[in-house]
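So that you can map any letter, position 206 of the sequence shown is 481 in the numbering used here, and since no number is skipped, the others follow by simple counting. Ideal placement from N, C-alpha and C gives every residue a C-beta, glycine not left out. These numbers come from a predicted model, not from an experiment. Notes follow once the structure below has been shown.
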Amino acid sequence: APDFDRKHYTRVDTPEECIWLLANTFLSPLFWAFAPVYGYLDWYKNQDRLQAYYEYRLLLQVLQGADPTRRLALKSSTHTGAVETLLQTVPGALLIQTHRNPVETSASLVSLFYSLHSRMTERLDVPRMTEAILSFHEHQITRNLAARDAHPGAMFDVYYDRLVADPIGTVRDIYDHYDLAWSEEFAERLNYYLQLNPNGKHGAHRYAPETFGQTGEAISERFAAYIERFELTSPNGIQ
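Have a look at this one:
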């Protein structure tokens, strides 16, 4: 997709989300991300993810086998709805959840999926795609909140606005919370990476819910419980 770099830059030698490891289990929303296979998405939402996450853990052990002393830094929004399973299968994981207003995250996701799905079909049903994304987002958040209620204090919360405004300070907060060793050398390495990879380096990703037939008010209503719980009532201006 010609506009994909500004939405989600990825190359074979750059960091990428660990959702690809779950794809090896054949139980992953990654398959739907690349094509509008709605039946698969409906099936996925009703599956027990325990075995898939045991296989995910085995793959992590393979990756860590080269140097067991190094900590793996993993990231995927797929885990949002699998906190309970993740705690069962990878009990030593230090969990971090990033929060952003769903009006923004939904618009961004729809824009991203539009680029992916439009490469797979000439007759993309945009309203259906948009509703499927919102419905799946709701499904994941519902599971997430239930798991958090069952396991209070199991994760550290990060807010997207603060992460963007002060990325090094946010990482320092995480290290302090989990009592991890911090050094000025590490801070300098983080700063160097940020200098090489500024926000918008590959172009600005612009999106708005109205582009896909939605409104911020309608999305906010669907996610009212989550927005209220994490005080996400004042989203940034949509980009």
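Which of helix, strand or coil DSSP assigns to residue i
i	result
Y435	helix
M430	strand
L362	helix
Q322	coil
N299	coil
A422	helix
E292	coil
G340	coil
E459	helix
T445	helix
D278	coil
V401	helix
Y454	Reading the sequence as shown, one finds Asp at residue 454 and not Tyr. The answer is coil: DSSP assigns D454 none of H, G, I, E or B.
A440	helix
H283	coil
R345	coil
A310	coil
Residue i and residue j closer than 8 angstroms at C-beta
i	j	result
N419	G356	yes
Q372	V433	yes
L297	F411	no
L338	L347	yes
S386	H480	yes
P402	I502	no
Y313	A425	no
Y435	H374	yes
R497	E379	no
L273	A422	The shown model of the chain, from 276 to 514, leaves out residue 273, and the question about it has no answer.
R281	H452	no
Y284	P304	no
L409	I494	yes
Contact with chain B by residue i, beta-carbon distance below 8 angstroms
i	result
F388	Included in the structure is just one protein chain, with no chain B present.
Is it true that the stretch 458-471 meets the stretch 482-490, where meeting means three or more beta-carbon pairs spaced less than 8 angstroms apart? The stretch 458-471 vs the stretch 482-490: no contact.
Pick out the complete alpha helix (DSSP H) segments inside the stretch 350-395, 4 residues or longer, and give them in chain order. 358-364 and 377-392
Entirely within the stretch 471-507 and at least 4 residues each: give me those alpha helix (DSSP H) ranges in chain order. Segments of the alpha helix (DSSP H) lying fully in the stretch 471-507: 491-497 and 499-504.
Should the stretch 394-405 be called in touch with the stretch 357-371, which here means at least 3 C-beta pairs below 8 angstroms? Note that the stretch 394-405 does not touch the stretch 357-371; fewer than 3 beta-carbon pairs, one per stretch, sit closer than 8 angstroms.
Count Cβ pairs between the stretch 363-370 and the stretch 317-331 that sit closer than 8 angstroms; are there 3 or more? yes
Does the pairing of the stretch 301-312 with the stretch 383-394 give three or more beta-carbon distances under 8 angstroms? yes
For the stretch 281-296 and the stretch 346-356, state whether three or more C-beta atom pairs, one from each stretch, are separated by less than 8 angstroms. yes
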